[in-house]
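Student: Numbering (the working numbering), first residue to last: 301 to 701. This is the structure, below, for whatever I ask next.
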């Protein structure tokens, strides 16, 4: 049998490397750890739901070192393909190195000195000791979506502290509901300081967009997803409008990111994050389109999702559907990356057009309720639109995702 098979002592080390101190130990079952049975000192059989060892054939999973070398050589497209195709087990220790490296490549600030994070913690809280009392979260956090993903109470306190320090260091962040859930996911595979550095890289990225940081960006993004869905999942969007004549599609797409972050099983989320930390938010766009198509198919063949059962609350039905999505993480990603016509230029064009429309309406209806921001910034391009404009100005180098 080809491939390294772990003994009992190795298994303990493997588990400890994978399992974060912030994660509830009860969720080891949730992580589907491989079952190693020692029949004798020379006979060890491996059973794993994530991948199978087969005689004479080694699993084609790339190592961290291989990916690191490709990034250092500037071969980002090769890295993209590897991340899309390599279904590392959810409990693989590779992510403790892989994710910080992927996020770190987007960092635009000068190299942070060792101890920078803890100095920031001390500035914000006056101590580096973790408080036993709850701390107030920044205003940009959506309190209804502080998803813990099986973190312990200590893990949740650490997540609270990370987003507070990030808010202190990045005062331009005024609305970012997905930031807390991503923090929780990161803490499954790394230390508090590493998780902060990853987030700093994502929010500071100038080349790609990862996390929306204002209400305007948030609204433009879900409306962009809606416009893309009308073209690429036309049957699904038409179906929802047909069974709910009085329903506006906006009501469904406002929560698009929660189909993924609050709906999908954790093993699906982890594989999505493998690609997202390298490629950006467009990975989530693609996954959302696949979810819509799958849900539409189930609505036509499964009584549980019949029109009578979902027409009063399609948004909630979508999240329930995602919780028991009928495809594996590998199949979900394969379908997502098989969608044709979603070029960077195409998405950027829709985003900019939507943003300009929202800003023009804001000017015309200045007396109505507006986003909470200074008047002087109303007509300035957001950081995300600047990225999109830059992408469109280099159309000769843009290729399909």
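Don't be surprised by glycine CBs; every beta carbon is placed ideally from N, CA and C.
Of all the alpha helix (DSSP H) runs that stay within the bounds of the stretch 431-480, which reach a length of 4 or more residues?
Tutor: Runs found: 453-469.
Student: Just curious, the alpha helix (DSSP H) that residue 579 is in, first and last residue?
Tutor: Along the chain shown, read from residue 1 onward, the residue named residue 579 stands at position 279. Looking at the DSSP string, the run of the alpha helix (DSSP H) that includes residue 579 is 566-579.
Student: Residues in the same chain with beta-carbon distance under 7 Å from residue 485, minus the five sequence neighbours each way, listed in chain order, please.
Tutor: For the purposes of this step, residue 485 is taken as residue 185 along the chain shown, with counting starting at 1. Cβ within range, chain order: 449, 569, 573.
Student: Under a CB-based cut-off of 7 Å, is residue 594 close to chain D?
Tutor: Going by chain labels, chain D is absent from the structure shown, which holds only one protein chain.
Student: According to DSSP, residue 735 sits in a beta bridge with which residue or residues?
Tutor: Because the chain here runs from 301 to 701, residue 735 falls outside it and cannot be looked at.
Student: Are the beta-carbon atoms of residue 487 and residue 322 separated by less than 7 Å?
Tutor: Numbered from its first residue, the chain shown carries residue 487 at position 187. Numbered from its first residue, the chain shown carries residue 322 at position 22. Cβ distance < 7 Å, so residue 487 and residue 322 count as in contact.
Student: On the CB-based measure, 16 or more other CB atoms within 10 Å of its CB, does residue 460 come out buried or exposed?
Tutor: Your numbering for residue 460 matches position 160 in the chain shown. With 16 or more other Cβ atoms within 10 Å, it is buried.
Student: Can the beta-carbon of residue 592 be found less than 7 Å from the beta-carbon of residue 536?
Tutor: Here residue 592 refers to the residue found at position 292 when the chain shown is read from its first residue. Here residue 536 refers to the residue found at position 236 when the chain shown is read from its first residue. Taking 7 Å as the Cβ cut-off, residue 592 and residue 536 qualify as a contacting pair.
Student: Using C-beta distances below 7 Å, list every residue in its chain close to residue 472, excluding the 5 sequence neighbours before and after it, in chain order.
Tutor: The count along the chain shown starts at 1 and reaches residue 472 at position 172. Excluding residues within five positions, the ones whose Cβ falls inside 7 Å are 513.
Student: Decide yes or no for the touch test of the stretch 604-615 against the stretch 432-439: beta carbon pairs closer than 8 Å, at least 3 of them.
Tutor: Flag = no, the stretch 604-615 and the stretch 432-439 do not touch.
Student: Can you tell which of 608, 609, 556 has its C-alpha closest to the C-alpha of residue 587?
Tutor: For the purposes of this step, residue 587 is taken as the residue at position 287 of the chain shown. When only C-alpha atoms are compared, the closest one is 556.
Student: What does the alpha-carbon distance come out to for the pair residue 677 and residue 517?
Tutor: On the chain shown, position 377 is the one that residue 677 refers to. On the chain shown, position 217 is the one that residue 517 refers to. Low per-residue confidence applies at residue 677: pLDDT is 43, beneath 50, and the placement is therefore not dependable, though the value from the model is reported in the following sentence. Each residue's alpha carbon lies about 13 Å from the other.
Student: Considering Cα atoms alone, identify which of 564, 400, 505 is closest to residue 622.
Tutor: Here residue 622 refers to the residue found at position 322 when the chain shown is read from its first residue. Comparing Cα positions, the closest option is 564.
Student: I need the DSSP call for residue 586, collapsed to helix, strand or coil.
Tutor: Reading the chain shown from its first residue, position 286 is the one you call residue 586. Correct three-state label for residue 586: helix.
Student: What residues in its chain sit with their C-beta under 8 Å from that of residue 590, if we drop five residues either side in the sequence?
Tutor: As a first step, residue 590 must be located in the chain shown, where it is residue number 290. Closer than 8 Å at the Cβ level, and outside the excluded window around residue 590, lie 632, 635, 636, 639.
Student: Are there 16 or more other CB atoms within 10 angstroms of the CB of residue 320, so buried, or fewer, so exposed?
Tutor: Mapped onto the chain shown, residue 320 falls at position 20. Label assigned to residue 320: buried.
Student: If you measure between the beta carbons of residue 547 and residue 403, is that distance less than 7 Å?
Tutor: Working through the chain shown from its first residue, we reach residue 547 at position 247. Working through the chain shown from its first residue, we reach residue 403 at position 103. No. Outside cutoff.
Student: Leaving out the 5 sequence neighbours to the left and right, which residues in its chain are closer than 7 Å to residue 380 when beta-carbon positions are compared?
Tutor: Translated into the one-based positions of the chain shown, residue 380 becomes position 80. Taken in chain order, the residues that qualify are 578, 579.
Student: In chain order, what residues of the same chain lie with their CB nearer than 7 Å to the CB of residue 498, ignoring the 5 residues before and after it?
Tutor: Within the chain shown, the letter at position 198 stands for residue 498. The residues are 399, 400, 403, 486.
Student: Three Cβ pairs or more, each shorter than 8 Å: is that satisfied between the stretch 414-433 and the stretch 451-467?
Tutor: Yes, since at least three Cβ pairs between the stretch 414-433 and the stretch 451-467 fall closer than 8 Å, the two stretches touch.
Student: On the three-state DSSP scale, how would you describe residue 388?
Tutor: For this step, residue 388 is matched to residue 88 along the chain shown. Coil.
Student: Taking a contact to mean a Cβ-Cβ separation below 7 Å, would you say residue 475 touches residue 506 in this structure?
Tutor: Along the chain shown, one-based indexing puts residue 475 at 175. Along the chain shown, one-based indexing puts residue 506 at 206. Cβ distance not < 7 Å, so residue 475 and residue 506 don't count as in contact.
Student: Going along the chain, which residues of its own chain have a beta-carbon closer than 7 Å to the beta-carbon of residue 543, five neighbours each way excluded?
Tutor: Working through the chain shown from its first residue, we reach residue 543 at position 243. So the list reads 607, 611, once near-sequence residues are dropped.
Student: Less than 8 Å between C-beta atoms, sequence neighbours within five positions excluded: which residues of the same chain meet that for residue 654?
Tutor: As a first step, residue 654 is located in the chain shown; it is residue number 354 there, counting from the start. Same-chain partners within the cutoff: 520, 523, 524, 527.
Student: Expressed to the nearest angstrom, what Euclidean distance is found between the alpha-carbon atoms of residue 362 and residue 387?
Tutor: Sequence index remark: in the chain shown, residue 362 carries index 62 (1-based). Sequence index remark: in the chain shown, residue 387 carries index 87 (1-based). Spanning the two alpha carbons is a distance of roughly 10 Å.
Student: Start and end of the alpha helix (DSSP H) containing residue 397?
Tutor: Translated into the one-based positions of the chain shown, residue 397 becomes position 97. Taken as a continuous stretch (DSSP letters only), the alpha helix (DSSP H) holding residue 397 covers 395-404.
Student: Using three-state DSSP, classify residue 488 as helix, strand or coil.
Tutor: One-based indexing of the chain shown puts residue 488 at position 188. Residue 488: coil per DSSP, three-state reduction.
Student: Is it true that the CB of residue 384 sits closer than 7 Å to the CB of residue 575?
Tutor: In the chain shown, the residue the question calls residue 575 occupies position 275. In the chain shown, the residue the question calls residue 384 occupies position 84. In this structure, residue 384 lies closer than 7 Å to residue 575 by Cβ.
Student: Within 10 angstroms of its Cβ, does residue 500 collect 16 or more other Cβ (buried), or is it exposed?
Tutor: Here the question's residue 500 lines up with position 200 in the chain shown. Residue 500 comes out buried.
Student: Tell me, to the nearest whole angstrom, how far the beta carbon of residue 478 is from that of residue 511; I am working on the premise that it is less than 8 Å.
Tutor: Locating residue 478 in the chain shown gives position 178, counting from the first residue. Locating residue 511 in the chain shown gives position 211, counting from the first residue. Confirmed, about 6 Å.
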